[in-house]
Amino acid sequence: MDEMTWTDPQLKARYEENSRKLERLKETLPNLYSEDALPYKVFTTNSVHGIQRMRLIWLKEHHPQRFREMMMANVLEEHLRDIETRTRERQAQIMDQLMESRHLLNRTDCLKAAPQLTDLDRLNGMNEAQSESMSMAIHEVVESF
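Counting from 21, one number per residue, gives the positions in the sequence shown under our numbering.
Shown next, in the form of structure tokens:
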């Protein structure tokens, strides 16, 4: 992997440190580690699901160099978990804003704002707000750097 040009010196240093650790482990425990062992976890689009998978695909398509560096430095898994957490938090914030702006938070507010609404209309509005909030959160967090 020496022929790779690194754009982030911190990730390169982390990869080199992981490589040295693996070499020491290979020397001390030769039966446990093969010569082909890698000092990082390999990620494919089938190895993760949901929000993490969306982020992985987006990284591979839009920032392939950064994706490789993060994977080789063993920080990609942590990054994917962080993105999932941030997306879910952002989705909750957006959901609250949408529910408030559409007067769907409680039944009394809903009836005051639009007396013709039924409980089914309110439920449909809540479901719509939930799907819109997830879509907006994915766009804001998953598809950005």
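Glycine included, C-beta positions come from ideal geometry on N, C-alpha and C.
With a beta-carbon spacing of about 6 Å, S153 and L118 fall inside the 8 Å limit used to define contacts. In terms of Cα proximity to D56, the closest of T64, T65, K46, L79 is K46. Boundaries of the alpha helix (DSSP H) around Q117: 96-121.
Shown here, S54 sits in coil according to DSSP, grouped into three states, outside any helix or strand. The continuous alpha helix (DSSP H) containing K41 extends over residues 29-48. Membership of W78 in the alpha helix (DSSP H) is indicated by the continuous run 70-82. In the same chain as R88, and ignoring 5 residues on each side of it, the C-beta atoms closer than 8 Å to its own belong to M24, in chain order. Relative to T105, the option among K32, T27, A157 whose CA is nearest is A157. For A93, no alpha helix (DSSP H) segment is defined, and its DSSP state is neither H nor E. A direct Cα-Cα distance of roughly 10 Å separates P84 from I77.
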